[in-house]
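Colleague: Keeping their order, the protein sequence lines are chains A and B.
Counted from 1, the first sequence has number 413 at position 360 by the numbering used here; the numbering is strictly sequential.
Counted from 1, the second sequence has number 122 at position 120 by the numbering used here; the numbering is strictly sequential.
The beta carbon of each residue, even a glycine, is placed where N, CA and C say it ideally should be.
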Amino acid sequence: MSAPLHALSLEPIIAILLVPCLSALFLALLPGYWIAARLNVTASLVTFLYALQLLGQRPAPGYLFVDDLNIVFVVLATFVAFTTSAFSASYIAHELASGRLTPRYLRFYHAMYQTLMFAMNLALVANNIGLMWVAIELATLTTVAMVGIYRTHEALEAAWKYFILGSVGIALALFGTILVYMAARPVLGEGQDAMVWTTLSEKAAGFSPELLNVAFIFLMLGYGTKVGLAPLHAWLPDAHAEGPTPISAVLSGLLLNVALYAVLRFKMLLASIPTAIPPGPLMVTMGLASVVFAAFMLFRRRDIKRMFAYSSIEHMGIVTFAFGMGGALANFAGLLHMTMHSLTKSAIFFAVGHIAQGKGTQRLGQIRGLTESHPVLGWGLVVGVIAIAGLPPLGMFMSEFLIVSSTFARAPLLAVILVFGLLVALAALMLHLNEVAFGTPIGKTAPVQASYVPLYTHLALVLTAGVYLPQPLVAWFQSVARLLG
Amino acid sequence: MRGHAYDVAHMLAGGLVLVSFMLLYQDRMFALLNIFALHALMLSGSVAWQAYIQDARHLYVPALIALTLKAIIIPVALRRVVIKLGIHRTIETVVGVGPTMLAGIGLVGLSMVVMLKATGASVDPLSREDLAFALSVVLLGMLMMVVRRNAVSQIVGFMSMENGLILAATGAKGMPLVVEISIAFAVLVAFIVVGVFLLRIRERFDSVDLQALDSFRGERR
């Protein structure tokens, strides 16, 4: 596994870890903002390109592995990380100019950004449940540090809350991980093998179902905290609202997915043992609870970033619900929905970040008539919210439609609850959108120095997916859906 | 020898649960830190004993970390923080001591039932009981984090929870990455908790009481 000297001949799977890791080191040392932001973008782009290479060539599983499931997450994560880094460059320039961040903190910020990328990629490709746990913990810690970076009263409260709840979640997940090892040990023997994904999934049939049942409950609660599912979501709105907006975008678009990936892996493990409790109902319950709860919470929000954080809870609920239902169609829809949500939600946060900078506030009551005062941003937000609300013709309409219709065929009652939650959320979002985007502008109307490319790239992708899904993508997602069982 | 090994492991792990209970009813900051040092000492002994009976030398590393870092350095550091911030007064609790203890007993009962039921014949009795004790310690740590408002006692709660996890990990015979995980935890505790948060919270509010942090979240009318 020694990294060859020549950078181009680097194995892609090593590269997606090595590039962020090295650039984090560089960025920690680089003083200038301008060059650091450029380097951040370049490193993210290089990581993304390497991740694309993984599509074609799968390395043999060792400490790291790539299969049909995690490649979806890796490509999505590196892509959103790349576009977010481009957004971050212009966002951070404004923060520096307005004095909210000092150059020293910026250095820290950029280094942490790449460390987060490293941790997330490691969590996704790690072929070991212990290593995956360590990586997710690292990702949590870096985001905690970044949420608290403004060091205001609220930011510290949010970071503290996130740290405490995240640690409890992480601790529960570790206990679950230990239990999985205990369950696997009689079959696979002591040592590494009993923690390696590839051997675990091969030999799962012989594991003790009772132990795995208990393990899954711990894992579901532990990683579920990180996904932001309903009873355990309390950290999520604060962390999204108080941290820098690029971090909100990465949190919603990527970190929640990574935690969900962990849940999915363990779900697959459990599902391969017929005598164990089916993992589906637990996921369905938590997912539905998140959807309905978050939908109602959307109404009374007064902070624009908190509002979209609740919307993230709602959508992670939908995705968890879909995967909990299982079956080829629901899994396909869940995967599509997750992808669309990542793209749309990060696009919304790109718009919201610049809006909050232009207006000098995040309070919904002080933002009015955006389409008049800032037409490009305003309309971007409008399209984004229409997408996130699940209206046609954008991508999320299709995935939500698939989830709802496949549920109606199998469990009509659940589908009714789901549709109810979706409609409530739609109403709440439209209500707020109407106030924010239209009418007479109030407050500052000065133009914003913004980069529109990441925002509109994401929106274009979501629109394209809604209108026409390329056949190879459909085939790819279908094969993953079959894998998920 | 087998019975002997089992008894000592049982005693140490059971002692850890007992000390967890002691943590629950402490109402003075310094006493809390002292009891936590005892907790870490107990863990260190327990892990060292596991290392001895499993003949797994690498497990002495977590034992050593528990002994030096958690039993000595962190309590001393937290003590200094407490003195510096002038908060060596009574700890404010959300729930009274009586109900907390009852809840704790309930949690221990729950973890016994769950773990002993779940680990049937497939697991040897030693690691089986170890896991049950470990889960009790984890749940008691969580309970402590819930019933205390104060940041330092929440950190202590978190660290006691983490001790439970280390106990579980060392009890699971032959588990890889235990050393790495215990180091990761040690780094986590040392850096984030003591360094960043307390200093920052101190800097801004002159208080580590979480109630003071709880007032505003950008949504007040």
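Inspect the CB distances between the region 194-209 of chain A and the region 289-302 of chain A and report whether three or more fall short of 8 angstroms.
Modeller: yes
Colleague: Per the DSSP calculation, Asp356/A is bridged to which residue(s)?
Modeller: Taking the first residue of the first sequence as position 1, residue 356/A is located at position 303. Bridge partners of Asp356/A: Arg416/A.
Colleague: Counting pairs of beta carbons, one from the region 272-282 of chain A and one from the region 142-155 of chain A, are three or more of them closer than 8 angstroms?
Modeller: no
Colleague: Quick check on the burial criterion: 16 or more other C-beta atoms within 10 angstroms. Buried or exposed for Pro73/A?
Modeller: Within the first sequence, the letter at position 20 stands for residue 73/A. Buried, by the Cβ-count rule.
Colleague: Counting along the chain, where does the alpha helix (DSSP H) carrying His147/A start and finish?
Modeller: Position 94 of the first sequence holds residue 147/A. First-last of the alpha helix (DSSP H) with His147/A: Asp121 to Ala150.
Colleague: Alpha carbon to alpha carbon, how far is Arg160/A from Arg204/A? Give it in angstroms, no decimals.
Modeller: Taking the first residue of the first sequence as 1, we reach residue 204/A at position 151. Taking the first residue of the first sequence as 1, we reach residue 160/A at position 107. For Arg204/A and Arg160/A, the distance between alpha carbons rounds to 16 angstroms.
Colleague: Which partner residues of Val249/A appear in the DSSP bridge assignment?
Modeller: In the first sequence, residue 249/A corresponds to position 196, counting from 1. According to DSSP, which records beta bridges pairwise, Val249/A is partnered with Asn181/A.
Colleague: At 7 angstroms on the CB atoms, spell out the chain B contacts of Val311/A, in chain order.
Modeller: Position 258 of the first sequence, counting from 1, holds the residue named residue 311/A. Neighbours of Val311/A on chain B: none; closest Cβ ~17 angstroms, over 7 angstroms.
Colleague: Between Val515/A, Ser426/A and Ala481/A, which lies nearest to Gly492/A when the distance is taken from Cα to Cα?
Modeller: Position 439 of the first sequence, counted from the start, is the residue given in the question as residue 492/A. Residue Ser426/A is the option with its Cα nearest to Gly492/A.
Colleague: At the 7 angstroms Cβ level, is Leu103/B part of the contact set with chain A, yes or no?
Modeller: Sequence index remark: in the second sequence, residue 103/B carries index 101 (1-based). It is worth fixing the name first, because residue 103/B is Met in this sequence and not Leu. The beta-carbon of Met103/B is placed no less than 7 angstroms from the nearest beta-carbon of chain A.
Colleague: Please classify Pro65/A as buried or exposed, where buried requires at least 16 other C-beta atoms within 10 Å of its C-beta.
Modeller: The residue you call residue 65/A lines up with position 12 of the first sequence. Classification for Pro65/A: buried.
Colleague: Using a Cβ-Cβ cutoff of less than 6 angstroms, which residues in the same chain neighbour Ala292/A once the five nearest sequence positions on both sides are dropped?
Modeller: Locating residue 292/A in the first sequence gives position 239, counting from the first residue. The residues are Val200, Ala211 and Tyr215.
Colleague: Just reading off the alpha helix (DSSP H) that Pro101/B is part of, what are its end residues?
Modeller: The residue you call residue 101/B lines up with position 99 of the second sequence. Segment Val99 to Ala120, the alpha helix (DSSP H) holding Pro101/B.
Colleague: Using CA atoms only, rank isn't needed, just tell me which of Ile439/A, Leu476/A, Pro446/A and Val337/A is closest to Ala383/A.
Modeller: Here residue 383/A is taken as the residue at index 330 of the first sequence, counted from 1. Cα-wise, what sits closest to Ala383/A is Val337/A.
Colleague: As a quick exercise: from Ala15/B, Arg81/B, His12/B and Val19/B, pick the residue whose alpha carbon is nearest that of Leu141/B.
Modeller: As a position in the second sequence, residue 141/B is number 139, starting the count at 1. That would be Val19/B, whose Cα lies nearest to the Cα of Leu141/B.
Colleague: Which residues in the same chain have their Cβ closer than 8 angstroms to the Cβ of Pro494/A, if we skip the five residues on either side of it in sequence?
Modeller: The residue given as residue 494/A occupies position 441 in the first sequence. The residues are Arg421, Gly422, Leu423, Glu425 and Ser426.
Colleague: Beta carbon of Asn180/A, beta carbon of Phe118/A: below 7 angstroms?
Modeller: Translated into positions along the first sequence, residue 180/A becomes position 127. Translated into positions along the first sequence, residue 118/A becomes position 65. Closer than 7 angstroms, so yes.
Colleague: Against chain A, with Cβ distances strictly below 7 angstroms, would Pro64/B count as a contact?
Modeller: The residue labelled residue 64/B in the question sits at position 62 within the second sequence. Not closer than 7 angstroms to any Cβ of chain A, the Cβ of Pro64/B fails to qualify, so no.
Colleague: So for Thr95/B, helix, strand or coil by DSSP?
Modeller: For this step, residue 95/B is matched to residue 93 along the second sequence. It is a strand residue.
Colleague: Kindly say whether Gly17/B, judged by its beta-carbon, lies nearer than 7 angstroms to any beta-carbon of chain A.
Modeller: As a working note, residue 17/B is residue 15 in the second sequence. Not one chain A Cβ lies under 7 angstroms of Gly17/B.
Colleague: Span of the alpha helix (DSSP H) holding Glu243/B?
Modeller: In the structure displayed, chain B extends from 3 to 223; residue 243/B sits before or after that span and is not available.
Colleague: Please compile the residues from chain A whose C-beta is within a distance smaller than 8 angstroms of the C-beta of Met147/B.
Modeller: Looking up residue 147/B in the second sequence gives position 145. By Cβ distance, chain A contributes Ile217 and Val221.
Colleague: Could you tell me if Arg59/B is buried or exposed, where buried requires 16 or more neighbouring beta carbons within 10 angstroms of its beta carbon?
Modeller: Within the second sequence, numbered from 1, the residue matching residue 59/B stands at position 57. Arg59/B counts as exposed, since fewer than 16 other beta carbons sit within 10 angstroms of its beta carbon.
Colleague: If I measure Cβ to Cβ from Val110/B and keep anything under 8 angstroms in the same chain, skipping five residues before and after, which residues do I get?
Modeller: Position 108 of the second sequence, counted from the first residue, corresponds to residue 110/B. The answer, listed in chain order, is Val19, Ser138, Leu141 and Leu142.
Colleague: Determine whether the Cβ of Gln531/A lies closer than 7 angstroms to any Cβ atom of chain B.
Modeller: As a first step, residue 531/A is located in the first sequence; it is residue number 478 there, counting from the start. No, its Cβ sits nowhere closer than 7 angstroms to a Cβ of chain B.
Colleague: Just list the residues that DSSP pairs Leu117/A with in beta bridges.
Modeller: Stepping through the first sequence from its first residue, residue 117/A is reached at position 64. Beta-bridge pairing links Leu117/A to Ala179/A.
Colleague: Between Val10/B and chain A, is any beta-carbon pair separated by less than 7 angstroms?
Modeller: Taking the first residue of the second sequence as 1, we reach residue 10/B at position 8. With 7 angstroms as the cut-off, Val10/B does not count as an interface residue toward chain A.
Colleague: So with Cβ pairs under 7 angstroms, would you call Leu179/B a contact of chain C?
Modeller: Of the protein chains in this structure, namely A and B, none is chain C.
Colleague: Name, in chain order, the residues that DSSP records as bridge partners for Arg421/A.
Modeller: Along the first sequence, read from residue 1 onward, the residue named residue 421/A stands at position 368. In DSSP, Arg421/A forms no bridge with anything.
Colleague: Listed in chain order, which residues of the region 226-241 of chain A have Cβ atoms closer than 8 angstroms to some Cβ of chain B?
Modeller: Within the region 226-241 of chain A, the qualifying residues are Leu227, Phe228, Ile231, Leu232, Tyr234, Met235, Ala236, Arg238 and Pro239.
Colleague: Beta carbon of Thr172/B, beta carbon of Gln28/B: below 7 angstroms?
Modeller: For the purposes of this step, residue 172/B is taken as residue 170 along the second sequence, with counting starting at 1. For the purposes of this step, residue 28/B is taken as residue 26 along the second sequence, with counting starting at 1. Going by C-beta atoms, Thr172/B is not nearer than 7 angstroms to Gln28/B.
Colleague: At the level of alpha carbons, what is the spacing between Ser22/B and His41/B?
Modeller: The residue labelled residue 22/B in the question sits at position 20 within the second sequence. The residue labelled residue 41/B in the question sits at position 39 within the second sequence. For Ser22/B and His41/B, the distance between alpha carbons rounds to 7 angstroms.
Colleague: Out of Leu98/A, Phe171/A, Thr100/A and Asn93/A, point me to the one whose CA is closest to Ser143/A's CA.
Modeller: Stepping through the first sequence from its first residue, residue 143/A is reached at position 90. It is Asn93/A whose Cα lies nearest to the Cα of Ser143/A.
Colleague: Could you tell me which of His485/A, His407/A and Gln502/A sits nearest to Ile439/A, measuring between CA atoms?
Modeller: Taking the first sequence and counting its residues from 1, one reaches residue 439/A at position 386. Out of His485/A, His407/A and Gln502/A, His485/A has the C-alpha closest to the C-alpha of Ile439/A.
Colleague: Leaving aside the five residues before and after Leu133/B along the sequence, list all residues of the same chain whose C-beta is less than 7 angstroms from its C-beta, in chain order.
Modeller: Within the second sequence, numbered from 1, the residue matching residue 133/B stands at position 131. Same-chain partners within the cutoff: Met117, Thr121, Ala170 and Gly173.
Colleague: Let's see if you can read the secondary structure: which residues bound the alpha helix (DSSP H) around Val429/A?
Modeller: One-based indexing of the first sequence puts residue 429/A at position 376. Per DSSP, Val429/A belongs to the alpha helix (DSSP H) from Pro428 to Ile441.
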